[in-house]
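Read top to bottom, the protein sequences are chains H and Y.
The first sequence maps to residues 236 to 352 in my numbering.
The second sequence maps to residues 1168 to 1285 in my numbering.
Notes follow once the structure below has been shown.
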Amino acid sequence: AQSVTQLDSHVSVSEGTPVLLRCNYSSSYSPSLFWYVQHPNKGLQLLLKYTSAATLVKGINGFEAEFKKSETSFHLTKPSAHMSDAAEYFCVVSEGGQGSTLGRLYFGRGTQLTVWP
Amino acid sequence: ETGVTQTPRHLVMGMTNKKSLKCEQHLGHNAMYWYKQSAKKPLELMFVYNFKEQTENNSVPSRFSPECPNSSHLFLHLHTLQPEDSALYLCASSQRGRLAGGIQETQYFGPGTRLLVL
């Protein structure tokens, strides 16, 4: 069964300091993993995705995430936070597996990122 | 317009009203989805349409009725809703395909309709 755990419901950082948003997953098959961002009163925007290619994935706005199979983790990082990064971030796993025709997404509960000036 | 659009962006309705939410995708995708996002809860998948055919109904009450007339448009018809149905309703689309060894699929989301049921 697939599941996603975002380890922090809230993260606060100062502008210019690094960001770390943690995510652990469980999956029966080789998963696809995603990070989405949601700004207030907006829909979800794709930040980056992992689909069994390079384990270090670079996304938009300077974010990146590393897939670590041994730790079943897919943490999101950014070297230097900006005020505009304040939003809610969702870690998502998609079912995969040989012969599967499903692409159902499983969402974490979200991490609210606050950036202080 | 590009991407996935949703109208209206905000909707207030009484429990006896009938209203519809509209979603349109301009990405040439073959699958569309309705999600419900309530405060303090993970996103809940409601319905999935693949090539205009409903392939998943995630135990959604019958007061929510989806319609997919073509692969670019998706509606959610609402009637006799309850206050607990107040939420952000998100539409998404994707291109369903298959890569060697598994599925690769990215869903693209619209901005959502903020629904308040009084």
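Backbone N, C-alpha and C define an ideal beta-carbon position, used for all residues, glycine too.
All of these numbers come straight from a predicted model, not from anything done at the bench.
Alpha carbon of Ser249 of chain H to alpha carbon of Lys1219 of chain Y, nearest angstrom: Your numbering for residue 249 of chain H matches position 14 in the first sequence. Your numbering for residue 1219 of chain Y matches position 52 in the second sequence. Each residue's Cα considered, the two are about 47 Å apart.
Where Gln1249 of chain Y falls, given that 16 or more other Cβ within 10 Å makes a residue buried: Your numbering for residue 1249 of chain Y matches position 82 in the second sequence. Per the 10 Å Cβ criterion, exposed.
Here's the rule: buried if 16 or more other CB atoms are within 10 angstroms of the residue's CB, otherwise exposed. What is Ser238 of chain H? Stepping through the first sequence from its first residue, residue 238 of chain H is reached at position 3. By the neighbour-count rule (16 or more Cβ atoms within 10 Å), Ser238 of chain H is not buried but exposed.
When the Cα of Leu256 of chain H is compared with those of H:Ser263, H:Leu340, H:Glu301, H:Pro352, which residue comes out closest? Numbered from its first residue, the first sequence carries residue 256 of chain H at position 21. With distances taken between Cα atoms, Leu256 of chain H lies closest to H:Glu301.
Should Gln1221 of chain Y go down as buried or exposed, given a rule of 16 or more other Cβ atoms within 10 Å for buried? The sequence position of residue 1221 of chain Y within the second sequence is 54, counting from 1. Under this definition Gln1221 of chain Y is an exposed residue.
Taking the C-alpha atoms as reference points, what is the distance between Ile295 of chain H and Ser1239 of chain Y? The residue labelled residue 295 of chain H in the question sits at position 60 within the first sequence. The residue labelled residue 1239 of chain Y in the question sits at position 72 within the second sequence. Looking at the two C-alpha atoms, the distance is approximately 27 Å.
Mark His1193 of chain Y as exposed unless 16 or more other C-beta atoms lie within 10 angstroms of its C-beta, in which case mark it buried. Position 26 of the second sequence, counted from the start, is the residue given in the question as residue 1193 of chain Y. Exposed, because fewer than 16 other Cβ atoms sit within 10 Å of the Cβ of His1193 of chain Y.
Taking the continuous beta strand (DSSP E) assigned at Met1213 of chain Y, which residues delimit it? For the purposes of this step, residue 1213 of chain Y is taken as residue 46 along the second sequence, with counting starting at 1. First-last of the beta strand (DSSP E) with Met1213 of chain Y: 1211-1217.
Going along the chain, which residues of its own chain have a beta-carbon closer than 6 Å to the beta-carbon of Ser315 of chain H, five neighbours each way excluded? Here the question's residue 315 of chain H lines up with position 80 in the first sequence. If we look at Ser315 of chain H and ignore the five residues flanking it on each side, its Cβ neighbours are Gly251.
Hey, Tyr264 of chain H and Val328 of chain H are a contact pair by Cβ (cut 8 Å); roughly how many whole angstroms apart? Translated into positions along the first sequence, residue 264 of chain H becomes position 29. Translated into positions along the first sequence, residue 328 of chain H becomes position 93. In fact, because the Cβ distance is near 10 Å, the residues do not count as touching under 8 Å.
Neighbourhood of Gln333 of chain H by C-beta, 6 Å cutoff - its chain only, sequence neighbours within 5 removed: Here residue 333 of chain H refers to the residue found at position 98 when the first sequence is read from its first residue. Here the model assigns Gln333 of chain H a pLDDT of 44, short of 50, so the residue's position is not dependable, and the following value carries that caveat. Counting only Cβ-Cβ distances below 6 Å, and skipping sequence neighbours, we find nothing.
Apart from the five residues just before and just after Glu1223 of chain Y, which ones in its own chain have a Cβ nearer than 6 Å to its Cβ? Sequence index remark: in the second sequence, residue 1223 of chain Y carries index 56 (1-based). Same-chain partners within the cutoff: Val1215.
Looking at the structure shown, is Ser1239 of chain Y part of a helix, part of a strand, or coil, going by DSSP? By 1-based counting over the second sequence, the position of residue 1239 of chain Y is 72. Correct three-state label for Ser1239 of chain Y: coil.
Would you give the residue range spanned by the beta strand (DSSP E) that His310 of chain H belongs to? Start at 1 with the first residue of the first sequence, and residue 310 of chain H comes out as number 75. Residues 308-313.
So for Glu1272 of chain Y, helix, strand or coil by DSSP? The count along the second sequence starts at 1 and reaches residue 1272 of chain Y at position 105. Coil, per DSSP.
Amino acids of chain H, ordered along the chain, whose beta-carbon sits closer than 9 Å to that of Leu1257 of chain Y: The sequence position of residue 1257 of chain Y within the second sequence is 90, counting from 1. Chain H residues near Leu1257 of chain Y: Gly278, Leu279.
Alpha carbon to alpha carbon, how far is Phe1276 of chain Y from Asp1252 of chain Y? Give it in angstroms, no decimals. Against the second sequence, residue 1252 of chain Y aligns to sequence position 85. Against the second sequence, residue 1276 of chain Y aligns to sequence position 109. Whole-angstrom Cα-Cα distance: 20 Å.
Which residue from H:Gly278, H:His274, H:Met318, H:Tyr341 puts its Cα closest to that of Cys258 of chain H? Stepping through the first sequence from its first residue, residue 258 of chain H is reached at position 23. Measuring from the Cα of Cys258 of chain H, the nearest candidate turns out to be H:Tyr341.
How far does the beta strand (DSSP E) with Lys277 of chain H in it reach, from first residue to last? Taking the first sequence and counting its residues from 1, one reaches residue 277 of chain H at position 42. Note, Lys277 of chain H: premise wrong, no beta strand (DSSP E); not H, not E.
Residue range of the beta strand (DSSP E) that includes Glu1191 of chain Y: Translated into the one-based positions of the second sequence, residue 1191 of chain Y becomes position 24. Its beta strand (DSSP E) spans residues 1185-1192.
Straight-line CA distance for His317 of chain H to His245 of chain H? Start at 1 with the first residue of the first sequence, and residue 317 of chain H comes out as number 82. Start at 1 with the first residue of the first sequence, and residue 245 of chain H comes out as number 10. Approximately 16 Å between the Cα atoms of the pair.
Measure the beta-carbon distance from Gln1173 of chain Y to Cys1190 of chain Y and round it to whole angstroms, keeping in mind my assumption that it falls under 8 Å. Translated into the one-based positions of the second sequence, residue 1173 of chain Y becomes position 6. Translated into the one-based positions of the second sequence, residue 1190 of chain Y becomes position 23. About 5 Å; that satisfies the 8 Å criterion.
Since Phe269 of chain H is in the beta strand (DSSP E), which residue starts that stretch and which ends it? In the first sequence, counting from the first residue as 1, residue 269 of chain H sits at position 34. Unbroken beta strand (DSSP E) run through Phe269 of chain H: 267-273.
Whole angstroms is fine: what's the gap from Thr312 of chain H's alpha carbon to Glu299 of chain H's? For the purposes of this step, residue 312 of chain H is taken as the residue at position 77 of the first sequence. For the purposes of this step, residue 299 of chain H is taken as the residue at position 64 of the first sequence. Each residue's Cα considered, the two are about 5 Å apart.
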